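This report refers to the structure that appears directly beneath it.
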Amino acid sequence: MSGRDASWVLTSAVIIFTMQTGFGVLESGCVHPKNEVNIMVKNALDVVFGGISFWVFGFGLSFGSDQGTNAFTGVGCFFVDAADEVFGDVFAVFLFQLSFATTSTTIVSGAMAERVKLHAYLAFCIVNTFTFSIVAHWVWSETGFLHTMGAIDAAGCGPVHLVGGVTGLVATIILKPRSGTFDRPKKPTLPSPLKALLGMFMLWWGWLRFCSGSIFIVSTDEQWKSAVRAAVNTMVSSMGGGITGVMILSRFCQRVKYDVSTIINGIMGSLVSITAICTLCKAWESLIIGIVGALIATATDSLLWKLKIDDPVGVVPVHGACSVWGLIAVGLFVDKNGTLTLRGGLLNSGDPHQLLVQFITVICIIAWTLFMSVTLLKILDCTLGLRFEEGDEKIGADVIEHGVSVFSSWKTRNLQTIKRIS
Amino acid sequence: MSGRDASWVLTSAVIIFTMQTGFGVLESGCVHPKNEVNIMVKNALDVVFGGISFWVFGFGLSFGSDQGTNAFTGVGCFFVDAADEVFGDVFAVFLFQLSFATTSTTIVSGAMAERVKLHAYLAFCIVNTFTFSIVAHWVWSETGFLHTMGAIDAAGCGPVHLVGGVTGLVATIILKPRSGTFDRPKKPTLPSPLKALLGMFMLWWGWLRFCSGSIFIVSTDEQWKSAVRAAVNTMVSSMGGGITGVMILSRFCQRVKYDVSTIINGIMGSLVSITAICTLCKAWESLIIGIVGALIATATDSLLWKLKIDDPVGVVPVHGACSVWGLIAVGLFVDKNGTLTLRGGLLNSGDPHQLLVQFITVICIIAWTLFMSVTLLKILDCTLGLRFEEGDEKIGADVIEHGVSVFSSWKTRNLQTIKRIS
Amino acid sequence: MSGRDASWVLTSAVIIFTMQTGFGVLESGCVHPKNEVNIMVKNALDVVFGGISFWVFGFGLSFGSDQGTNAFTGVGCFFVDAADEVFGDVFAVFLFQLSFATTSTTIVSGAMAERVKLHAYLAFCIVNTFTFSIVAHWVWSETGFLHTMGAIDAAGCGPVHLVGGVTGLVATIILKPRSGTFDRPKKPTLPSPLKALLGMFMLWWGWLRFCSGSIFIVSTDEQWKSAVRAAVNTMVSSMGGGITGVMILSRFCQRVKYDVSTIINGIMGSLVSITAICTLCKAWESLIIGIVGALIATATDSLLWKLKIDDPVGVVPVHGACSVWGLIAVGLFVDKNGTLTLRGGLLNSGDPHQLLVQFITVICIIAWTLFMSVTLLKILDCTLGLRFEEGDEKIGADVIEHGVSVFSSWKTRNLQTIKRIS
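Chains as they are written, first to last, in our numbering: chain C, 1 to 422; chain S, 1001 to 1422; chain E, 2001 to 2422.
The following block contains the structure:
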C-alpha cells in the first residue's frame, strides 16, 4: 500500500459514510412524520453501536489471521489497534470495512421502522455485526471458503445487501405489520417523497464510490481501470433501473403516472444489482442487469404487499431480492478474460461453473443469515421485547423515545403563531 | 493516465454528481410546495434519461474520433464500451463528461419548473444531449473548430452553462409564464428559502471540484498547480459575488435588507462567471470577475421581470448571462504566460486576439443553441405538448404527475392529528 | 508537494467545506423556525466575509514569512496571489487553511443565534479572522511560539474550536439570553431535531477528513499512515461519545429516554476532543478521549443552564469545553515514539513535560481569545449594536432581516389551500 492508495481509501471511506446519511434521510421520508426523528437517530446509533462492535470483534472475525483462523471464521485483530509496523494497512482496511459493516446493519433499520423499541434495536446493532462479519470472512478473506471456491462479489452484494435484506425480512415478519397497514385497500404513497428523493440522491452518489472504492488499491493499471469501470457500470446500471422504474409505471401500472416510490425502488434496485459484478462486465451488460434488477424490485414489492408482509422502506425488494439477482448475474455475465483467470459467465463462455459457484454463495449466505437473524431476533424479542406497545405505536416513536414531536411541540405552536400572525 | 489521475477523476465525478442533488434541492426551494416533489424527480430523471442518451450517442458526438469526425462533430464511441486495451481512459473521460452533460440538462429543468409535463421533459432530456454534445465537441475535442481557433473554456462555461442558460430562456418563453405570476406587483420571495440555501451550499462545494476537476490529469507540476489555482479562484470569485449580493441589496435595493434570492443569485452568478477562466487568472482578477458576475445576475433578473419573462429559478440570469460574461472575461484577463502559449487577455497584454476568439465562441454557441432549442422544443410542443392544462397547474405537479401532495395527503392528516392531540 | 498531495488537499478542502453546510443545517434545527433561514444565511455569509478577510490579511498573519515575521505574528502574503513559481504550494495551504478559518467563525454564529443583527455579525466575521489567524500562527507556523515550544494540535483543536468556543461564550454573554429562555422550568427540546441530526451527520463525515486531511502531505509512509490513523481514531472517538450520550441519558438523566440533543452533543463533543491528538494516539485511547469528551459536553451544557448562560446551539460545551479537554488529552496520551521525537504523554511515559506545554497552550489561546473577543464585540456593540430590538426578536430574524417567513408567507397560504382542498 502507498500514499496514493491511502488517499483513495480515505476518500472512499468518507464518501461511503455519507451513505449512512442517505439511508437516514430516505427512511425518514418513508415513515410517518411521527417517527422521522427516531429513524434518523437509529441511523446515527447504528454507526456508533455497530461500529464499536465491529472494532471490538467484527473486524477480527472477518480479517483476523491469527492461529485458529479457518475457512469459516477469522481470529485475531480484536480491539483493532495493530502494532506500529503494520498499522497503516490494517487501519485502512478496517476503516473501509467499517463503512460496509455499518451499512449492512443500517439496511435492517428500515424494515424495523415505526414499531421497534430503540434499546432493542441498539442491542440488535451489536449482535448483527456478528452475522455480517462471518459472511465477510467467507467472501473476502483469503481463507474464507466461498473465496477459495471462487465466489465473486466485488463490492459487498452478499455480506452487505443480502445479509441486510434477509435480516430485514426476518425482522419485519417477527415484528409483524404496523397496526392498520393492511386495512387499507392499497399501498399508501410515501409520506414525505421529497426527503425520500434527497436520501436516494445521497445513496446514488455514495454508490459510485461504494462500487469503485471496492477496488481497494489503485496502483497498477489493472486496478485503476477496474475502479473506473465499476463507476461507469454503476451509473449505466442505475440508468437502466431508472428508465425501467419510469416506463413500467407509465405504461402498465397506471395507478399514478410517475410513482415516486417505484422510481426510487427502480434506481436503488439496479444499484444493488450491479454491486457484485461492477468491475467485471461490460457497460451494456450493466444496463441489462439494472433493468432486470428494477423489475425484480418492483415485482417483489407487489408480492410482499400481497403476502401481507409489511416492509416500510422496501428493504426486502431492494436489498434482498436484488442482491440475489446481483450475485447470480455474476454467473451469467462475468468477463472471461482478466488476470483473475476467470472462466467467464454462462452467457459469455457457455461454462456454467461460475453460475454454480454463485448459486452456492447465495444459498450459504441466505442459510446463515436466516439462522442467525431468527435466533438473535427471537432472543431479543423474548428478553428485551422488540415491539412497541400498541398505544406507543399510535403516538409515535418521536414522542415515546425522544420526547419530541413534530405535532405536539412546535407544529402546534406554529399553528397558534400562524393564527396569531394571520 | 495513471492510478493517481484515475483517483482524481473518480473523486471529481462523485463530487460533481452531488451537484445534481444541489440543483434539485435549490429548485425545490424556489417553487411552490405543490411542485417540490416533481422538480426533484425531474432532477433524478435527467440523470437517467440524459445519461443514457449521452452513453448512447452524446459521448460519441463529442469525443468520437472514428472516420467522419470533423470540426463540427465527432463520430464513433457510441454505446460507450471501449475495447479492453483502452477502456480505462475512455471510461474516465466518459464518466467525467457525463457529469457535465447531465448538469447542462438539469439547468434547464429550473426554467421549465411548475408547468412542464413530465413526459415531455423526459423526451427533452434525451434530445438536449445532442445540443450539448456538439458544443462540447467544438470546445474540447482536438478537432473541434472552436478549440483549434484557440477558444478557452476551462470548466464548461460554454457547453454546460451557456447552453443550459440559452435553452432555459427559449424554454421559458415557449412555455409562457406560470399563470398569475405577473398579476403581482413585484417578485414574490422564495417559497422555501431554507431549501434553496441548502441547495446553494451543495452547488458551492461541488463547484470547487467542478472547476478544479476540469484539470483532468494531475500528474505534472503544471497540472496540479492549475487545479489548485482553479479551486482558489473559484472560492475568491464566490466571495466577490456574495459580498456584491449582500451589499447591493443593503444599500440600493431597499426592498428587504438581505434578500435571500439575491444572495443566492450573487454567489451562483459569480461561480458561473469564473468557470471559463478559473485555471488561468490571478486571485484578484477572480474577485473582480465574481463581483461583475453578481451584478450581471441581479440586473438580468430585474430585466426579465420587466420583460415579463418568467424564469422560476433564475436560470437565465445565473447560467445564461453570467456564462456570457465568463467567456468574455477570458478575453480580458487570461494570463499571458503559460505552456499554452497564450497571447494574454486584452487587459493584460493589450492584444484583442483572445477577446475576439471568445466573442466568436459566445456567438457560435448561442446561435447553435437557439437554433436547436427552438427546433426541439417546438417539435415537442406540437407533438407531446409541453405545458400543463391550466387546472392541472393550479392543482400542482405533485398531485397530477405523482399522486402525492404535501397538502392532500399527510399535511391534512397532520392537521387532523394536531387537532386530535392538541 | 506533488500532484498526489494536491489531489489529497483539494479533496480535503471540498469535504471540509461541506462542514459549513453541516453547521448551517445543525444550527437551523436548533433554533426556532422563525430564525432558520437567517442562521443558514449567516453560515453562507461567513464563508464570504470570513473568507475574503482571510484572503486579504488572515493568511498573511498566519503563514506570511516576510520581514517582520516573529513568534507572535506572520507578515506577508496579503491578498494571497503568489508569484508563478511558488503559487501551487501557497495556494494549496491557503485553500486548506481557508476551510479552517471559516469554520472557526461559523462556530460562533451558533452562540449568537436568534438575536444578533446580521450586519453586526458580518462585521464580526471580518474582525474575527484576526483572532483566528494569530492563534493559527502560534500553533502551526514554523516561527509561532507555541509551535517552537512543542505544542501539538494536529487538526485545529486550538485555533478552530477553542477560539470558536471561547468567542462564542463571550458573544452569548454580551448578547444576553434570548428573551423568555430562562422563564421555562427546564431546557426545551430541539425545535427541529431532524434537521439537527442531518447537520450532525454532515459534520461527522466532514470531521473524518478534517482530521485526516490535516496530514497535509501523504507522500511518505509516515504521512499516509498518520492520515489513516487520524480517520480511525476520529471514528472510534465518536463511537465512544455516542455510546456515552445514549447511556448517560438512558440510565441517569431520565428526563427522556433518548434525548436527541444529548446524543448530538455527545458525538460532536467527542469529535472535538479527538481533534488535537488524532494522529498520535492509539484507538483505545481515542475511545476514552471520546467518552470523557461526551461527559464534559453534557456536564458543561447543564452548568450553562444553571448559570443562565443561553447558548442556543451548544457551542460552548461542544467546542469550548471539549477543545480544552482535547488539547490537555495530548499531554496525557500522546505517543512516545514517532519521528517527531516526542517524549510521550504523562500516562504513557510518566513525563509531565508535554502536559505542561499543552496547559500553557490552552491558557495562551484562551487569554488571547478572551481579550480579542471582548474588545471586538464590545466595539461592535457600541457602534453597530449587536442585539435585535425586543419586538424584532419576537417576530423573528427571517421576517426582519430577509422578509421571508415560514409562517407569514407560504405556511398560511398552505393552510388556506389545505382548507380549500380538504
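From the three backbone atoms N, C-alpha and C, an ideal C-beta is built for every residue, glycine too.
Model, not experiment: these values are computed from the prediction.
Does any residue of chain E have a CB that is nearer than 9 Å to the CB of Trp55(C)? yes
With 16 other Cβ atoms within 10 Å as the buried cut-off, status of Asp183(C): exposed
Three or more C-beta pairs below 8 Å linking the region 1280 to 1290 of chain S and the region 1118 to 1127 of chain S: no
Between the C-alpha atoms of Arg1115(S) and Leu1249(S), what's the straight-line distance to the nearest angstrom? 30 Å
At a CB-CB cut-off below 9 Å, which residues of chain E make contact with Gly51(C)? Met2235, Val2236, Ser2238, Met2239 and Gly2242
On the CB-based measure, 16 or more other CB atoms within 10 Å of its CB, does Lys1282(S) come out buried or exposed? buried
Which residue comes first and which comes last in the alpha helix (DSSP H) that contains Asn70(C)? Run containing Asn70(C): none; DSSP gives neither H nor E here.
Contact set between Phe182(C) and chain S, taken where Cβ atoms lie within less than 8 Å: Those within 8 Å of Phe182(C) in chain S number zero; the least Cβ separation is about 18 Å.
Got a sec: is the Cβ-Cβ distance from Lys1282(S) to anything in chain E below 9 Å? yes
With a cut-off of 8 Å, do at least 3 Cβ pairs link the region 271 to 280 of chain C to the region 66 to 74 of chain C? no
Using a Cβ-Cβ distance under 9 Å, would Ala2154(E) count as near chain C? no
By how many angstroms is the C-alpha of Met2112(E) removed from the C-alpha of Asp2311(E)? 8 Å
I'd like the list of long-range same chain contacts for Val2009(E), defined as Cβ closer than 6 Å, with 5 residues on each side in sequence excluded. Ala2092 and Phe2096
Please check if any C-beta of chain E sits within less than 9 Å of the C-beta of Leu1026(S). no
In terms of residue numbering, what span does the alpha helix (DSSP H) encompassing Phe1424(S) cover? Summary: the structure shown does not reach residue 1424(S), with chain S confined to residues 1001 through 1422, and so no result is reported for it.
Where Ile379(C) falls, given that 16 or more other Cβ within 10 Å makes a residue buried: exposed
Rounded distance between the beta-carbons of Val334(C) and Gln354(C), thought under 8 Å: 6 Å
Below-9 Å beta-carbon distance, Gln1223(S) vs any chain E residue: yes
Nearest CA to the CA of Thr1189(S): which residue from Ser1226(S), Ile1215(S), Gln1358(S) and Ile1264(S)? Ile1264(S)
Under DSSP, the alpha helix (DSSP H) around Leu2342(E) begins and ends at which residues? Per DSSP, Leu2342(E) belongs to no alpha helix (DSSP H) and is neither H nor E.
Report the neighbours of Gln97(C) on chain E: residues whose CB is nearer than 9 Å to its CB, in chain order. In chain order: nothing, as chain E lies at least about 11 Å away.
Which of the residues in the region 107 to 119 of chain C, read from start to end, lie with their CB under 9 Å from any CB of chain E? Leu118 and His119
Tyr258(C): first and last residue of the uninterrupted alpha helix (DSSP H) it sits in: No alpha helix (DSSP H) holds Tyr258(C); DSSP gives it neither H nor E.
Keeping to the same chain, check which residues put their C-beta closer than 7 Å to that of Phe2017(E); ignore five residues upstream and five downstream. Ser2099
Closer than 9 Å to chain S by CB, Asp259(C): yes
Assuming Val163(C) contacts Phe132(C) (C-beta within less than 8 Å), just tell me the rounded distance between them. 5 Å
Helix, strand or coil for Val116(C)? Go by DSSP, reduced to three states. strand
Kindly list the residues whose CB is nearer than 8 Å to the CB of Asn1414(S), restricted to its own chain and excluding five residues on each side of it in sequence; keep chain order. Low local confidence applies: a pLDDT of 45 at Asn1414(S) is under 50, so the model's placement there is unreliable, and no value is given.
Kindly give me the distance between the Cβ atoms of Val316(C) and Gly165(C), rounded to whole angstroms, as I take these residues to be in contact under 8 Å. 6 Å
Those residues which DSSP pairs with Arg387(C) across a bridge: Val116(C)
Of the listed residues Glu1036(S), Thr1103(S), Leu1295(S) and Ser1214(S), nearest to Gly1396(S) (C-alpha basis): Glu1036(S)
Using a Cβ-Cβ cut-off of 6 Å (strictly less than) and excluding sequence neighbours within five positions of Phe2161(E), which residues of its own chain qualify? One point to set straight first is that residue 2161(E) is His, not Phe, in the sequence displayed. So the list reads Val2272, His2319 and Ser2323, once near-sequence residues are dropped.
Please classify Gly2024(E) as buried or exposed, where buried requires at least 16 other C-beta atoms within 10 Å of its C-beta. buried
Please confirm whether Ala2231(E) has its beta-carbon closer than 9 Å to some beta-carbon of chain C. yes
Enumerate, from N- to C-terminal direction, the unbroken alpha helix (DSSP H) stretches of 4 or more residues contained entirely within the region 2 to 70 of chain C. 3 to 30, 36 to 53 and 59 to 63
Report yes or no: do the region 1048 to 1066 of chain S and the region 202 to 221 of chain C share at least 3 C-beta pairs separated by less than 8 Å? no
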